[in-house]
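Numbering (my numbering), first residue to last: 560 to 739. One structure is given here, and the rest of the page talks about it.
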């Protein structure tokens, strides 16, 4: 058995349960206004997800078959200070945060800029509200691989940010964005 007190433990796939309401404040126009005027926040996180990203991540509670000690999912976003609490509970020294909502983009082929707008807003939100390198809380920048120029802008934005230590593609199942 590994003694977590003697090893450096890194969770490299920590899903931060963000919400559109929080991220929208940091999204560029016209998407910020489109979100604010949509009333999506009235229906909880999952409804907002399927409204903004027209797809679904499914019922993560498996229709009541999955019981959790505590989960505000799917109707309330995570609180940033709970990241450190969770890390302490799990004996994790470093966590790499990735948006929970961005996972839905792996199955979407949007013909507009909603994915790019969300990604930009997410990065600004995480920098302002969640990531804390001094406390071991880092981020992975989600790259909108369907748009090369937007991907390069994201990489340019985070390359000098200590809080972002990498980037990631969100893929839908066994269809890698760059092919097999």
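Ideal placement from N, C-alpha and C gives every residue a C-beta, glycine not left out. Remember, predicted model here, so these are calculated numbers, not experimental data.
Asked: Counterpart residues of residue 684 in DSSP-defined beta bridges; Found: None, per the DSSP bridge assignment.
Asked: Opening and closing residue of the alpha helix (DSSP H) in which residue 550 lies; Found: The question about residue 550 has no answer here: the residues shown for the chain are numbered 560 through 739.
Asked: Terminal residues of the alpha helix (DSSP H) in which residue 645 lies; Found: 640-649
Asked: The region 704-715 touching the region 635-649, judged by at least three CB pairs closer than 8 Å; Found: no
Asked: Residue 622 versus residue 561: straight-line alpha-carbon distance, rounded; Found: For residue 622, the predicted structure reports a pLDDT of 47, less than 50, and the residue's modelled location is therefore unreliable. A value from the coordinates is still provided. Cα to Cα, the separation comes out at about 35 Å.
Asked: N- and C-terminal bounds of the alpha helix (DSSP H) containing residue 696; Found: No alpha helix (DSSP H) contains residue 696, which is instead part of the beta strand (DSSP E) from 696-701.
Asked: Simplified DSSP state of residue 657, which is helix, strand or coil; Found: strand
Asked: Span separating the alpha-carbon of residue 720 from that of residue 675; Found: 19 Å
Asked: Strand pairing of residue 726, partner residues [DSSP]; Found: 700
Asked: Sequence-distant residues of its chain with Cβ nearer than 7 Å to residue 722 (five each side left out); Found: 686, 690, 692, 697, 698
Asked: Cut-off 8 Å between Cβ atoms - residues of its own chain near residue 583, not counting five sequence neighbours on either side; Found: 590, 591, 594, 595, 680
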